[in-house]
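Numbering (the numbering used here), first residue to last: 2 to 62.
Below, the structure written as structure tokens:
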């Protein structure tokens, strides 16, 4: 009798991009996604997503 008693399948995706808006201003974009599916039917799949934008302004040269 072969029966799975544990284990999981993991999938991840990451994306980063930087874009210079001008000499002093830099925009950064990111998207991270992770998902897991467990091999036993009594647990639910999980998914997490992180996404965002950041701006960085450099003063001086």
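Glycine is no exception: its CB is placed at the ideal position from the N, C-alpha and C atoms. As the structure is a computational prediction, the values presented were derived from the model and not from experiment.
- DSSP places residue 45 outside both helix and strand once states are collapsed to three, so it counts as coil.
- The DSSP-derived three-state label of residue 60 is coil.
- In this structure, residue 19 sits near residue 27, with a CB-CB distance shorter than 8 Å.
- One alpha carbon belongs to residue 41, the other to residue 47, and they sit about 13 Å apart.
- For residue 13, the enclosing beta strand (DSSP E) stretches over residues 9-21.
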